[in-house]
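Residue numbers (this note's numbering): 2 to 1089.
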């Protein structure tokens, strides 16, 4: 290995020492005068140290105009660089290559440094040694040329981004486009990637642009200048202006700070710019500001930070005055694409951080003029002036007969070609769309012989393609070049295209040539026309048309739509429909007179009226007849024809008679038939119930299906009524009685919107009737009720009567008959439910209790006093349960502050229905055991939980070990107490496991007692001990119970314990588990 040693030192010491037989024969040491410090410009913030040395001997050895290959270092040679006292590097040469002409590139590795890069370039123009120490963020350069000038510089990398430029020579006149002495080359357009650019204008730049053609003019000119340079330089890239906008920002006077603000997510400008960038798909953003001058610091832009690209390093800020007359924006965009300044310029020299060859270029053309490429400043390190040419540096292009770049030191085009595809993908392109093609004449134009059609679009320089066969046009379809002549019905579909824009939508227009069409005739219920069809030529008269007849109507002519709608068509009407079509007969209905026959009822007024065929009868009179209910008007003397109402349609095509039909009013079937009372003399409120006999298992039971509340406001029949049924409430509104008979009975028949028909009879103290249809079902429900005399507080007698009933009644609901919907599950409860009934002011009655399956019962009702048939009052109970799928209902009779009963001897029970969700449904008839509540008087009670509920283990039923039985409860005033149970204790004797249970309260029963209502409740635990699986198991189930003390009761229930209730426990049997069923058993509190 050759030992090639080079040492560079400063400040009067060794600058260059060479020991190599091949590279510097005969030269060992050269001493020079002390170096002179170079003044660092105030705006060159990245240059931290610099010295310049002038010595011919150094120039002779450092700058070699023609270096033979033998004089070059070889791979493996070692080089030592001493730039400054704290900047000494040892380099081992790894590669030496000829890169362009007589230029050679030396590359190597630095020893003892962190991440770094070394290169040296020896060329005809001089030498440049460069070490880039990335770990210290420093760039060191030593340069020399044929004039014997040596410079050593140190740059701070952290201050090298962004670049700021002096792009316009101060000799140019402001605001006046310069006329370049260099004509643009006639280069062909180069295809390649497209980079989308968004150009923003600050407030000053917008004002400046508005006075010079507008923002779009300035922006398009700058982009065109940029694309010219890219095309001249052979760069496979072009720029597309995707958006131009003014921003609410004014330059702060410092382009560096403007750039930071533009590229910051924490500023309003930066945030709005980022949003707009995404909206328009901009890869690069340039903001133009008005600095007031075209000179000085006129541009600043970002570098990409890595070879994989950096979407955040795409911003630049430029002076609009400079952009308008030079390549200022082109220069800054060049930085965004990885390009850099000339290596041999005085301020901010290149090359690019990413590309060692990416730098601007100085050269002298064959016309002896000094030129610089776009990324170079206009003066070199010796302050010599250069004229700008419209090129990025590249050794592959020439200008004035000379290459505009160097492969090693001046090839920005190469770097841009690498970065442009990466930058072009920073944002997905959001292309503007070509305006949709328009047709003239417009769509749906009709013609007779020929028609000339033109197609246009508002987007300039587009290519329009069209089809006439129904297919979607593409660029392979026929291109539009002029008017299209049509001779037949045609649909033209067109689409416009333009390079760089999204294709337009497909638009179409249909042009129809007049032809003959088949015309059919629809008699619309009339007789067949004399001619069923004919042909007619479009734009010609229809000619003779046929006639037709129809019962009940007069022919009114032909129309283009049914029911005499659309346009009327006569023999002279011009045919305009462009298709086979139908004409419809129009008809005028005839009128007839109807006469009313009350059929034994009172005379009506009017006695006759005129009606229109196929229209409704309208208002019809209502006759009355003693002892009968009016059923309606019919076209016959019996019900063999449909009833005729005001909404019925007139279908009889002649004058005719309507007959009244009657139903005899029979009150003997009511459980409390009304007596003939006085006439209605005052408004008031009425309460009643709906009931019917319905099947239960294999028998019938009278069942309450709802309640009714009616408020009469005017004696002539104005009232409102609400029926509360299982399926929901139904409202009725009356305005006038149908009639009032000689027995002072007012009658009306009303139909609700949902189809329920209420037949209502009313006297001063009673209401009765029927309800059928809709939510009430098909079976008629009987209505009975009475006037609520308690609501009137001025009625002293009623107030005194009500006082006898007021208070709380404790009621147990023991089962009378139980029916499970499935014998497999047998889900019907066995226990006793309970409720309290509280009678309050104005006859209110409130139920509050718990059913035997744990379902809560709450319902409000009214005390009903049937004064003309019973001396005691009743309370109708109807409460929907289980989300209105089930219910509990009944009629309870109250002896004042005594017992409460049902009319069980007449099949009146409390009915409890739970519908099935499978086999878990049930139906029960319940008794009412109880009356006015008085606290129990015994001093001791015995609690018994009936039922032997098993626990299932592996399909085997295990009986409980300890069930609450004969548990003593002590009464002390308003308190009931029982022994506190102890938890079972596990024992093992001779290896046998068992549990010991509390002898007094083995199930740990708890008790809570409410003395004001007599309600008691609590819980207990059933234990199950088993060895069926081969090992001892102890399992428990938690049970809850509730009941009520009802000592005051009817004689029929005297033998039952004072406290009746139920206890609930989960059933884990294989058949019941899917239904999460809880079993209900009886729980008794018996006085001792």
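Just so it is clear, CB atoms sit at the ideal spot from N, CA and C, and this is done for glycine as well. Computed from a prediction, not measured in an experiment: that's the story for all the values here.
For residue 822, no alpha helix (DSSP H) segment is defined, and its DSSP state is neither H nor E.
Pairing residue 329 with residue 322, the inter-Cα distance amounts to about 10 Å. Judged by DSSP in its simplified three-state form, residue 640 adopts coil rather than helix or strand. Sixteen is the threshold: when 16 or more other Cβ atoms of the shown chains lie within 10 Å of the Cβ of residue 675, as they do, the residue is buried. The beta carbons of residue 95 and residue 110 sit about 6 Å from each other, so the pair counts as a contact at 8 Å. About 29 Å separates the beta carbons of residue 955 and residue 982, which is beyond the 8 Å limit, so they are not a contact pair. Of 757, 539, 901, 919, the smallest CA-CA separation from residue 824 is found for 919.
In this structure the segment 445-458 does not lie against the segment 413-422, because fewer than three pairs of beta carbons, one per stretch, are closer than 8 Å. Within the same chain, and ignoring the five residues on either side of residue 222 in sequence, the residues whose Cβ sits closer than 8 Å to its Cβ are 325. Judged by DSSP in its simplified three-state form, residue 1028 adopts coil rather than helix or strand. Every beta strand (DSSP E) stretch that sits fully inside the segment 842-926 and reaches 3 residues is listed by chain position as 845-851, 857-863, 874-882, 887-895, 911-915.
Per DSSP, residue 985 lies in no alpha helix (DSSP H) and is assigned neither H nor E. Close CB contacts of residue 843 within its chain, under the 6 Å cut and outside five residues either way in sequence, are with 791, 792 (chain order). Under the Cβ criterion (8 Å, minimum of three pairs), the segment 574-582 does not count as touching the segment 636-645. Cβ atoms of residue 320 and residue 274 stay farther apart than 8 Å, at about 19 Å. Excluding sequence positions up to five before and after residue 1079, its CB lies within less than 8 Å of the CB of 854, 855, 1065, 1066, 1067, 1068, all in the same chain and listed in chain order. The three-state secondary structure of residue 1054, taken from DSSP, is helix. Of 963, 1070, 931, 885, the smallest CA-CA separation from residue 826 is found for 1070. In the three-state scheme derived from DSSP, where H, G and I count as helix and E and B as strand, residue 362 is classed as coil. Residue 1016 is not a Cβ neighbour of residue 925, given a cutoff of 7 Å. Cβ contact annotation for residue 877 (same chain, cutoff 7 Å, sequence separation greater than five): 690, 705, 708, 862, 865, 892, in chain order. Within the segment 263-291, the complete beta strand (DSSP E) segments of 3 residues or longer fall at 285-290, listed in chain order. A check of alpha carbon separations from residue 713 across 725, 700, 747, 366 identifies 747 as the nearest.
Classified as exposed, residue 573 has fewer than 16 neighbouring CB atoms from the shown chains inside 10 Å of its CB. Membership of residue 1083 in the beta strand (DSSP E) is indicated by the continuous run 1079-1088. Where residue 941 is concerned, there is no enclosing alpha helix (DSSP H), although the beta strand (DSSP E) around it starts and stops at 941-946. The count of Cβ pairs closer than 8 Å, one atom from the segment 648-661 and one from the segment 593-602, reaches three, so the stretches are in contact.
Below 8 Å, too few C-beta pairs join the segment 207-227 and the segment 300-312 to call them touching: fewer than three. Selection 1050, 1005, 994, 1023 evaluated against residue 1033 yields 994 as nearest (Cα-Cα). Taken through DSSP and simplified to helix, strand or coil, residue 791 comes out as helix.
Beta-bridge analysis with DSSP links residue 1036 to 1025. Note on geometry: alpha-carbon atoms of residue 1048 and residue 932 lie some 8 Å from one another. In the DSSP assignment, residue 335 falls within the unbroken alpha helix (DSSP H) covering 329-337.
In this structure, DSSP gives residue 967 a state outside helix and strand, which the three-state scheme calls coil.
Collapsing the DSSP output to three states places residue 801 in a helix.
Note on residue 483: under 16 other CB atoms within 10 angstroms of its CB, so exposed under the neighbour-count rule.
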